[in-house]
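Working notes, structure below.
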Amino acid sequence: METLKQKGTPSYPGVIGYGATPLKRMKRSWRLYVLIALPLIYIIIFKYVPMYGAQIAFKDFVVTKGIAGSDWAGFKHFVRFFNSYEFWRLMNNTIVLSVYSLVAGFPFPIILALSLNYVRNVYFKKSVQMITYAPYFISVVVMVGIIFEMLDPRNGIVNTLIKALGFEPVNFMGVPEYFKSIYVWSGIWQNVGFACIIYLAALTSIDPSLHEAAVVDGASKLQRMWYIDLPGIMPIAIIMLILNTGHMLDVGFEKVLLMQNPLNLRTSEVIDTYVYKVGLASQAMNYSYSSAIGLFKSVVNLILLVAVNKIAQKTRQASLW
Amino acid sequence: MEFSGIRESRGDKIFTVVNYVILSLFLVTILYPLIYILSASISDSQAVISGEVWLWPVRPTWDGYEAVFKHKLIWSGFRNSLFYTAFGTLINVVMTVLAAYPLSRKDFYGKNVFMFLFVFTMMFSGGLIPTYLVVKELGLLNTVWSMLLPGALGIWNMIITRTYFQTTIPDELLEASQLDGCTDFQFVWKIVLPLSGPIIAVITLFYAVGHWNSYFSALIYLKNQNLYPLQLVLRDILVQNEVDLNMLMDVQEQAKREGLRELLKYSLIVVASVPLLIVYPFVQKYFVKGIMIGSLKG
Amino acid sequence: MRKSIALTLSTALCLGIALAGCAGPGGGETAGNTEGTGNTESVAVNPPGQLPITNEKTTLKVLVRGSASVEDFATNEFTKWLEEKTNVHIEWEIAPEKSAQEKLNLVLSGGDYPEVIMGFGVSPTQMMIYGSQGVFLPLNDLIDKYGVEIKKMFEANSFYRDLITAPDGNIYALPQVNECYHCMYQQRMWIHKPWLDKLGLDMPTTTDEFYEVLKAFKTRDPNGNGKADEIPLSGSIQAASSHLFSTQMLDSFLMNAFIYDHGDKKLYLEDGKVTVPYNKPEWKEGLKYLHKLYSEGLIDPQALTQDNNQLKELGENPDTVILGASSGHNMGSLTMLGSSSGRWLTYVAVPPLKGPNGFRTAAYHPYVVSNGQYIITNKAQNPEVAFRLADFLYNSPDTTLHWYAGREGVEWRYAEEGEIGINGKPAIWKQLTPWGGVQNVNWGQVGPNYRSNDFRLGEARNPDQPLEVILYNETKEKMEPYAMPIEKVMPPVFFNAEQATEIADLEKTILDHVKEMMARFITGDLDIDSNWDAYVQNLENMNLKRYLELYQEAYDVKFKK
Chain A
6 METLKQKGTP SYPGVIGYGA TPLKRMKRSW RLYVLIALPL IYIIIFKYVP MYGAQIAFKD
66 FVVTKGIAGS DWAGFKHFVR FFNSYEFWRL MNNTIVLSVY SLVAGFPFPI ILALSLNYVR
126 NVYFKKSVQM ITYAPYFISV VVMVGIIFEM LDPRNGIVNT LIKALGFEPV NFMGVPEYFK
186 SIYVWSGIWQ NVGFACIIYL AALTSIDPSL HEAAVVDGAS KLQRMWYIDL PGIMPIAIIM
246 LILNTGHMLD VGFEKVLLMQ NPLNLRTSEV IDTYVYKVGL ASQAMNYSYS SAIGLFKSVV
306 NLILLVAVNK IAQKTRQASL W
Chain B
-4 MEFSGIRESR GDKIFTVVNY VILSLFLVTI LYPLIYILSA SISDSQAVIS GEVWLWPVRP
56 TWDGYEAVFK HKLIWSGFRN SLFYTAFGTL INVVMTVLAA YPLSRKDFYG KNVFMFLFVF
116 TMMFSGGLIP TYLVVKELGL LNTVWSMLLP GALGIWNMII TRTYFQTTIP DELLEASQLD
176 GCTDFQFVWK IVLPLSGPII AVITLFYAVG HWNSYFSALI YLKNQNLYPL QLVLRDILVQ
236 NEVDLNMLMD VQEQAKREGL RELLKYSLIV VASVPLLIVY PFVQKYFVKG IMIGSLKG
Chain C
103 MRKSIALTLS TALCLGIALA GCAGPGGGET AGNTEGTGNT ESVAVNPPGQ LPITNEKTTL
163 KVLVRGSASV EDFATNEFTK WLEEKTNVHI EWEIAPEKSA QEKLNLVLSG GDYPEVIMGF
223 GVSPTQMMIY GSQGVFLPLN DLIDKYGVEI KKMFEANSFY RDLITAPDGN IYALPQVNEC
283 YHCMYQQRMW IHKPWLDKLG LDMPTTTDEF YEVLKAFKTR DPNGNGKADE IPLSGSIQAA
343 SSHLFSTQML DSFLMNAFIY DHGDKKLYLE DGKVTVPYNK PEWKEGLKYL HKLYSEGLID
403 PQALTQDNNQ LKELGENPDT VILGASSGHN MGSLTMLGSS SGRWLTYVAV PPLKGPNGFR
463 TAAYHPYVVS NGQYIITNKA QNPEVAFRLA DFLYNSPDTT LHWYAGREGV EWRYAEEGEI
523 GINGKPAIWK QLTPWGGVQN VNWGQVGPNY RSNDFRLGEA RNPDQPLEVI LYNETKEKME
583 PYAMPIEKVM PPVFFNAEQA TEIADLEKTI LDHVKEMMAR FITGDLDIDS NWDAYVQNLE
643 NMNLKRYLEL YQEAYDVKFK K
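The listed protein sequences correspond, in order, to chains A, B and C.
Okay, so the first sequence: first residue is 6 according to my numbering, each after it adds one.
Okay, so the second sequence: first residue is -4 according to my numbering, each after it adds one.
Okay, so the third sequence: first residue is 103 according to my numbering, each after it adds one.
What follows is the structure in structure tokens.
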């Protein structure tokens, strides 16, 4: 059934048009408010209420005095962080690692999903999906252990290949410049199978009649991929990009911690490992300090998120708001 | 995708071959470490420590698995995790759809405000202690609810779901249903949900994996060992075999413990992930091409 | 339209803030909860030294840090034995071992902590903070009035009492003291004896001799397989995730031929002044020596990047031995103790080497006090009972054997005539069944306790368990003669919250830099002669002076005579 659509105006029966007052619009959507009520209550109770704890960043928090009872410290913790000897190195390493992860890691799940989409042999397809999904569950400790084993200059498989080609073995973990690549590519390896699931789901929702039509028109698979599949998953891809940007400063610290050594320290120390070590060494768990740094990270993350979202809005494809 | 009667062009044939080759290569690089983990988990610990194991098991032994299944809490851990995963995921999916659907509607008044409210919580958090105190004040400490409620909604998953609704539920469908007198509630229940097989499958998977792997909430909210989920128990087992050089211990015991620890690192991964790997094929079913949409369009 | 959005937004925010206000002072209740003892009926406590502790059964609520080796404190055999003897019934709350510290903080912040906190190793700073708030009770009076066993421990060694006393004069927690003799000289070097024998070499005594030995390992094919695959010297950096130094690092043993290189932070005393070795010319000499070894291929390049597991893999190389030497706490640092390969028995300790300037020392760690193991909180209804229980746990050898090993006659028994202890003197006790795995008959070394040297070394020798004897002998013969003078050893000190915060930052930055530069100088990544001054200057820029000042302040407050 065809309904005449005015450009830009949702044409649901009942919509009065731009002249409607806000109150009328709200009333129209009352059922939607009902639907969203429960999640809203949830985030108020479990997310917004605890936010009073963000005060900790501005106080000298002592566990037994409670948040209200601890003294105000203003911006002391932030200043301490910004003035710390390592601040710029930390920011640099964190951002480099993050951007590299994001940029390198972004295309692969998409490529894998697109690839799998065209596999006709169901058995092969399901096996590949299953196997690539498995590494996600490997714990960080074992993952790093495997990385070490594979890169080992004596017995590691990578160096065995290098030696076979006639070159000298390389002590990968000892070269600071390699740290980020090792970190990022092992991360991609571990996560691509899991991350592509979302794209697979998106691909299944593409109208098959589009493909039918394309085939009839003589399009090759590559062309179909480019003109149908990619645009079909573009909204999700953009959203994923925005969300990932919103976690830019949150480079996971456990893996970095395990991969550090004295030789690569200058490229491997990130914000979270720094906070962890300073907090651990500090004999009084300094919640205030780590809270302040956390708050700083959140603010920067939010700014980045809003910025990328604005860019996404311009593409008119998808954005958070 | 089967289109009977249409012949593939040469370009397509090459494409297919290349596709298979790349995927196979990829498969092999992933397969190798996975096999290594399986092999290491059943190899003799001395072999693992000395680096003898590189692909196939060396002097197979079930010690690693024995240690895991011997632990008294392992079965209650499994049971608890199943419970938390099942109910937790159910709650999660319901909450997610409840939030994602309204936000996907263009005519939802105030949707950007709400969206911002939700996204904000993803970026800012009160911290461990205030959250703990809230859970405590609500009387949820040491109950199963502390495992199900605090994580009831994953904003990330909710946003993905919203995007899916936006791109797959066409406006025409909504108009048509409204002309038929369908309320929003009915629309969601009768039309949106059935069409959302893939995305619901995906978020179910994501949430389930999250629940299954979680241990930190259990660590801080639970005291009663009978409520412990599997991951917590498994970590316990690993820690149990750590060796402290300051402790007087006899050497054989120490060697056994240390050796066991090596094996456990791997057998724990296997034990923890096998259930999730088994579940996956059931979820895969839902990544079936848009049969639903096609048929409804006509 | 805009106004309504603003309205909605502000409503939401107001709601949030209002609710926040409600839940806000959740922490306020815990402030200064100084309800002391005697809220309910106090129980009559029997005079010190007399058992049982109380005539009627009393209950004590204890929060204990879970131990990997203890199955269940509540049903544990030792708990039962303890209850029988003392009439004190313990109600347990067990915090999982991982993240126990977080659990403790949460419990303290929520205000629902129990009467006794045991096994957490609470830091001196935390003790001072919570002690000054009255949450942790000062124990001085209780010690004076009711302490029997603990006084014996103080008599045995005067600094034990000093070490647990905060600068304000109060003792807020009781320690576990474990006089592990061989641990006191833990910075050892282990070398593969069969190679020395095969090549007809003597045990090296100077750094030059050690260099020659390493060269011989590399060039003369001691493992006899025709390949130059021997690795003379290696190490690991297990503690990479912390800025602290481990005993397997390259400097741990060798640097002590040049200057005092002590422990994980490297602080030591020079005439009562706190100082560090790593900005001194002797350190530079030591680094140059290590660099020489490295540049001639005598040091494994991976020594600066690999973790413990990889080092052990090296040591346990199947069939052919390829590792010549490595530093470490004991042979288990570079091989697998008790393994079927028997590799661990082939490595022996190297006595401290004499450096080119004649300097020679064995780093000495006598302060074997693990503080913060037993705390009585202000929620304790009968602190005297709580204290007497702890005091009883210090009793040795009887209580200690039950606490440590298990049941008399089953896991252990007293020694018989003729049995010899590890130290060669008549034995005190004998182990009957092997322990170390998960069990439920002892407390897995959790809690306040005193194991003196004599007690530990009084274990009867067991030919199947040579480790302790070997370590004892190696230490006594080779390390002890060169022990670092005790007045040079930096004792543990107390910091208040302010100092602790400052120290945390400085220490991490400084030690990380030392570690990083050490690695780069050794590998030759940076030339030491041209970069030394810049390195020392960097340390100054990192406020090394202030760092040392803080430690000096803390040291003076407690130890300055």
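A virtual CB, placed ideally from N, CA and C, is assigned to each residue, including glycine.
Problem - Continuous alpha helix (DSSP H) stretch holding TYR105 of chain A: start and end - result: Reading the first sequence from its first residue, position 100 is the one you call residue 105 of chain A. Counting along the chain, the alpha helix (DSSP H) containing TYR105 of chain A begins and ends at 92 to 110.
Problem - Pick from A:VAL221, A:ASP277, A:MET253 that is closest to LEU310 of chain A, judged by C-alpha positions - result: The residue labelled residue 310 of chain A in the question sits at position 305 within the first sequence. Ranking A:VAL221, A:ASP277, A:MET253 by Cα distance to LEU310 of chain A puts A:MET253 first.
Handout entry: Within-9 Å CB hit, LEU98 of chain B to chain A
Key = Indexing the second sequence from 1 puts residue 98 of chain B at position 103. It does: the Cβ of LEU98 of chain B has a partner Cβ on chain A nearer than 9 Å.
Exercise for the section: Identify, in the order they occur along the chain, each residue of the same chain with its Cβ nearer than 6 Å to the Cβ of LEU135 of chain B, setting aside the five sequence neighbours on each side. Expected result: As a working note, residue 135 of chain B is residue 140 in the second sequence. Taking C-beta separations shorter than 6 Å and ignoring five residues to either side along the sequence, the partners of LEU135 of chain B in its chain run SER141, following chain order.
Exercise for the section: Given a cut-off of 9 Å, decide if GLY46 of chain B and SER441 of chain C are closer than it, judged by their beta-carbon atoms. Expected result: Sequence index remark: in the third sequence, residue 441 of chain C carries index 339 (1-based). Sequence index remark: in the second sequence, residue 46 of chain B carries index 51 (1-based). No Cβ-Cβ contact shorter than 9 Å links SER441 of chain C with GLY46 of chain B.
Problem - the segment 297 to 311 of chain C touching the segment 371 to 379 of chain C, judged by at least three CB pairs closer than 8 Å - result: Short answer: they don't touch.
Exercise for the section: Go ahead and pull the three-state DSSP assignment for TYR449 of chain C. Expected result: Taking the first residue of the third sequence as 1, we reach residue 449 of chain C at position 347. Here TYR449 of chain C sits in strand by DSSP.
Exercise for the section: Identify the contact partners of GLU618 of chain C in chain A, using a Cβ-Cβ distance below 7 Å as the criterion. Expected result: What you label residue 618 of chain C is simply residue 516 of the third sequence in a count that begins at 1. Simply PRO267, LEU270, ARG271.
Practice task
Could you work out which residues of chain B lie near TRP326 of chain A, taking near to mean beta carbons separated by less than 7 Å?
Solution key: Position 321 of the first sequence, counting from 1, holds the residue named residue 326 of chain A. Chain B residues near TRP326 of chain A: ASN107, MET110, PHE111.
Practice task
Inspect the beta-carbon positions of ASN473 of chain C and LEU208 of chain C and report whether they are closer than 9 Å.
Solution key: Counting from one through the third sequence, the residue named residue 473 of chain C turns up at place 371. Counting from one through the third sequence, the residue named residue 208 of chain C turns up at place 106. For ASN473 of chain C and LEU208 of chain C, no; Cβs fall outside 9 Å.
Exercise for the section: In the DSSP assignment, find the alpha helix (DSSP H) that holds GLY463 of chain C and state where it starts and stops. Expected result: Here residue 463 of chain C is taken as the residue at index 361 of the third sequence, counted from 1. For the sequence presented, residue 463 of chain C should be read as Thr rather than Gly. Going by DSSP, THR463 of chain C is part of no alpha helix (DSSP H) at all; its letter is neither H nor E.
Handout entry: Whether HIS467 of chain C touches GLN350 of chain C by CB criterion (9 Å)
Key = Within the third sequence, numbered from 1, the residue matching residue 467 of chain C stands at position 365. Within the third sequence, numbered from 1, the residue matching residue 350 of chain C stands at position 248. The answer is no: Cβ separation not under 9 Å.
Problem - Close Cβ partners of ILE199 of chain C (< 8 Å) along its chain, the five nearest in sequence each way excluded - result: Locating residue 199 of chain C in the third sequence gives position 97, where the first residue counts as 1. Note on identity: in this sequence residue 199 of chain C is Glu, with Ile being the wrong assignment. Excluding sequence neighbours, GLU199 of chain C sits near ARG167, GLY168, SER169, ALA170.
Exercise for the section: Output, in chain order, the set of chain A residues within a Cβ distance shorter than 9 Å of LEU29 of chain B. Expected result: Along the second sequence, one-based indexing puts residue 29 of chain B at 34. Within 9 Å Cβ-Cβ: ILE136, ALA139, PRO140, ILE143.
Handout entry: DSSP three-state assignment for MET220 of chain C, whether helix, strand or coil
Key = Sequence index remark: in the third sequence, residue 220 of chain C carries index 118 (1-based). MET220 of chain C: strand per DSSP, three-state reduction.
Problem - C-beta contact flag for LEU165 of chain C and TYR215 of chain C at 9 Å - result: Start at 1 with the first residue of the third sequence, and residue 165 of chain C comes out as number 63. Start at 1 with the first residue of the third sequence, and residue 215 of chain C comes out as number 113. Cβ atoms of LEU165 of chain C and TYR215 of chain C: closer than 9 Å.
Practice task
Whole angstroms is fine: what's the gap from SER75 of chain A's alpha carbon to PRO125 of chain B's?
Solution key: Locating residue 75 of chain A in the first sequence gives position 70, counting from the first residue. Locating residue 125 of chain B in the second sequence gives position 130, counting from the first residue. The C-alpha of PRO125 of chain B is placed about 14 Å away from the C-alpha of SER75 of chain A.
Exercise for the section: Say whether the segment 224 to 240 of chain A touches the segment 147 to 154 of chain A, bearing in mind that this needs 3 or more beta-carbon pairs closer than 8 Å, one atom from each stretch. Expected result: Flag = no, the segment 224 to 240 of chain A and the segment 147 to 154 of chain A do not touch.
Practice task
Measure the alpha-carbon distance for VAL172 of chain C versus LEU229 of chain B and round it to whole angstroms.
Solution key: For the purposes of this step, residue 172 of chain C is taken as residue 70 along the third sequence, with counting starting at 1. For the purposes of this step, residue 229 of chain B is taken as residue 234 along the second sequence, with counting starting at 1. About 16 Å.
Problem - Beta-carbon gap between PHE199 of chain A and SER268 of chain B smaller than 9 Å - result: One-based indexing of the first sequence puts residue 199 of chain A at position 194. One-based indexing of the second sequence puts residue 268 of chain B at position 273. It is not a contact, given that the beta carbons lie outside the stated cut-off.
Handout entry: Sequence-distant residues of the same chain with beta carbon closer than 6 Å to TYR202 of chain B, five excluded per side
Key = For the purposes of this step, residue 202 of chain B is identified with residue 207 of the second sequence, where counting begins at 1. If we look at TYR202 of chain B and ignore the five residues flanking it on each side, its Cβ neighbours are THR84, ASN87.
Exercise for the section: Tell me ASP65 of chain A's beta-bridge partners as DSSP assigns them. Expected result: Within the first sequence, the letter at position 60 stands for residue 65 of chain A. According to DSSP, which records beta bridges pairwise, ASP65 of chain A is partnered with A:ASP76.
Problem - Helix, strand or coil at MET644 of chain C [DSSP, three-state] - result: If you number the third sequence from 1, residue 644 of chain C lands on position 542. Coil.
Handout entry: Touching by the beta-carbon criterion (3+ pairs, under 8 Å), the segment 296 to 316 of chain A and the segment 54 to 71 of chain A
Key = Contact between the segment 296 to 316 of chain A and the segment 54 to 71 of chain A is present, with at least three C-beta pairs closer than 8 Å.
Handout entry: Terminal residues of the beta strand (DSSP E) in which ILE339 of chain C lies
Key = Here residue 339 of chain C is taken as the residue at index 237 of the third sequence, counted from 1. Note, ILE339 of chain C: premise wrong, no beta strand (DSSP E); not H, not E.
Handout entry: Nearest-angstrom beta carbon gap, THR156 of chain B and PRO240 of chain A [assumed within contact, 8 Å]
Key = Numbered from 1 along the first sequence, position 235 holds the residue referred to as residue 240 of chain A. Numbered from 1 along the second sequence, position 161 holds the residue referred to as residue 156 of chain B. Contact doesn't hold; Cβ gap of about 13 Å is too wide.
Handout entry: Residues near GLY251 of chain A in its chain [Cβ-Cβ closer than 6 Å; skip 5 each side]
Key = In the first sequence, residue 251 of chain A corresponds to position 246, counting from 1. Taken in chain order, the residues that qualify are ASN306, LEU310.
Handout entry: Members of the segment 247 to 258 of chain A near chain B, C-beta cut-off 7 Å
Key = Sequence-ordered contacts of the segment 247 to 258 of chain A with chain B read LEU248, GLY251 [C-beta pairs closer than 7 Å].
Problem - Contact the segment 611 to 626 of chain C vs the segment 385 to 394 of chain C: 3+ CB pairs below 8 Å - result: Cβ pair count under 8 Å is three or more, so yes.
Handout entry: Short CB-CB distance (under 9 Å) between LYS131 of chain B and chain C
Key = Numbered from its first residue, the second sequence carries residue 131 of chain B at position 136. Taking Cβ atoms only, chain C reaches closer than 9 Å to LYS131 of chain B, which makes this a yes.
Practice task
Would you tell me roughly how many angstroms separate the C-alpha atoms of TRP668 of chain C and TYR396 of chain C, rounded to the nearest one?
Solution key: A question about residue 668 of chain C goes unanswered here, because the residues of chain C that appear run from 103 up to 663.
Exercise for the section: Please confirm whether LEU559 of chain C and GLU251 of chain C have their CB atoms less than 9 Å apart. Expected result: The residue labelled residue 559 of chain C in the question sits at position 457 within the third sequence. The residue labelled residue 251 of chain C in the question sits at position 149 within the third sequence. Cβ distance not < 9 Å, so LEU559 of chain C and GLU251 of chain C don't count as in contact.
Problem - Backbone CA spacing between GLU257 of chain B and SER40 of chain B [nearest angstrom] - result: Residue mapping note: residue 257 of chain B aligns to position 262 of the second sequence, counting from 1. Residue mapping note: residue 40 of chain B aligns to position 45 of the second sequence, counting from 1. If you take the alpha carbons of GLU257 of chain B and SER40 of chain B, they lie about 6 Å apart.
Exercise for the section: Look at the alpha carbon of VAL304 of chain A and the alpha carbon of MET110 of chain B, and state the distance between them as a whole number of angstroms. Expected result: The sequence position of residue 304 of chain A within the first sequence is 299, counting from 1. The sequence position of residue 110 of chain B within the second sequence is 115, counting from 1. Distance between the alpha carbons of VAL304 of chain A and MET110 of chain B is about 18 Å.
Exercise for the section: Report the rounded CA-to-CA distance for LEU425 of chain C versus MET178 of chain A, giving the unit in angstroms. Expected result: Position 323 of the third sequence, counted from the first residue, corresponds to residue 425 of chain C. Position 173 of the first sequence, counted from the first residue, corresponds to residue 178 of chain A. Cα to Cα, LEU425 of chain C sits roughly 21 Å from MET178 of chain A.
Exercise for the section: Please list the residues of the segment 52 to 83 of chain A that have a C-beta atom closer than 7 Å to any C-beta atom in chain C, keeping them in chain order. Expected result: Cβ contacts with chain C come from TYR53, VAL54, MET56, TYR57, VAL67, VAL68, THR69, LYS70, GLY71, ILE72, ALA73, GLY74.
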